[in-house]
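Peer 1:
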Amino acid sequence: MIPAAHALIYSLQRCQKFQPGDRLGIFSFKKDRGYWLEKLDDADGCFSLEVFGFMAQKIRCPYSQLRTVLKPVIAREFPRSNKLHVKFIPAEAQLALAL
Numbered sequence: 044m045i046p047a048a049h050a051l052i053y054s055l056q057r058c059q060k061f062q063p064g065d066r067l068g069i070f071s072f073k074k075d076r077g078y079w080l081e082k083l084d085d086a087d088g089c090f091s092l093e094v095f096g097f098m099a100q101k102i103r104c105p106y107s108q109l110r111t112v113l114k115p116v117i118a119r120e121f122p123r124s125n126k127l128h129v130k131f132i133p134a135e136a137q138l139a140l141a142l
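What the sequence shown shows, in the numbering used here, is residues 44 to 142, in sequence order.
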């Protein structure tokens with residue numbers, strides 16, 4: 044678990060080290076709101092952001108725009124949260140789950 048105030052910085056720091064196919068999930072305490080970040084296989088280093096909870100949406104953006112996209116998402120999805128759950132799934136584990 045991480046403090047909600049550090050969700051943006053934590054997400055951006057983890058995304059810098061992502062390999063294509065890695066996923067990072069940030070969830071509220073009840074796990075009914077949150078988002079998944081996944082690095083795509085594109086050569087330009089795009090990320091896929093899948094938001095669920097208050098509003099469901101899928102956004103695709105490069106790392107340079109990730110901060111401006113994530114900031115309002117975190118404010119909207121976690122307005123009263125103090126602690127957030129974190130789940131990281133490497134690309135290798137996703138391949139094993141698919142088999």
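Beta carbons are placed, not taken as given, at the ideal position from N, Cα and C, and that holds for glycine.
List the endpoints of the continuous beta strand (DSSP E) containing residue 106.
Peer 2: That residue, residue 106, is in no beta strand (DSSP E); it is neither H nor E in DSSP.
Peer 1: Going by other Cβ atoms of all chains shown within 10 Å of its Cβ, with 16 needed for buried, is residue 9 buried or exposed?
Peer 2: Given a span of 44 to 142 for the chain in the structure shown, any question on residue 9 remains unanswerable.
Peer 1: Going by other Cβ atoms of all chains shown within 10 Å of its Cβ, with 16 needed for buried, is residue 65 buried or exposed?
Peer 2: buried
Peer 1: Where are the alpha helix (DSSP H) runs, 4 residues long or more, that stay fully inside the region 71-97, in chain order?
Peer 2: Taken in chain order, the region 71-97 contains no complete alpha helix (DSSP H) segment of 4 residues or longer.
Peer 1: For residue 130, name the three-state secondary structure that DSSP assigns.
Peer 2: strand
Peer 1: In this structure, does DSSP put residue 115 in helix, strand or coil?
Peer 2: helix
Peer 1: Please state if the CB of residue 47 and the CB of residue 117 are separated by a distance shorter than 9 Å.
Peer 2: yes
Peer 1: Please list, in chain order, all residues of the same chain as residue 44 whose beta carbon is under 8 Å from its beta carbon, the five residues on each side excluded.
Peer 2: 126, 127, 128, 129.
Peer 1: Can you look up residue 57 in the DSSP assignment and give me helix, strand or coil?
Peer 2: Correct three-state label for residue 57: helix.
Peer 1: So that I know if they touch, is there some Cβ in chain B lying closer than 9 Å to that of residue 113?
Peer 2: In the structure shown, chain B cannot be found, because there is only a single protein chain.
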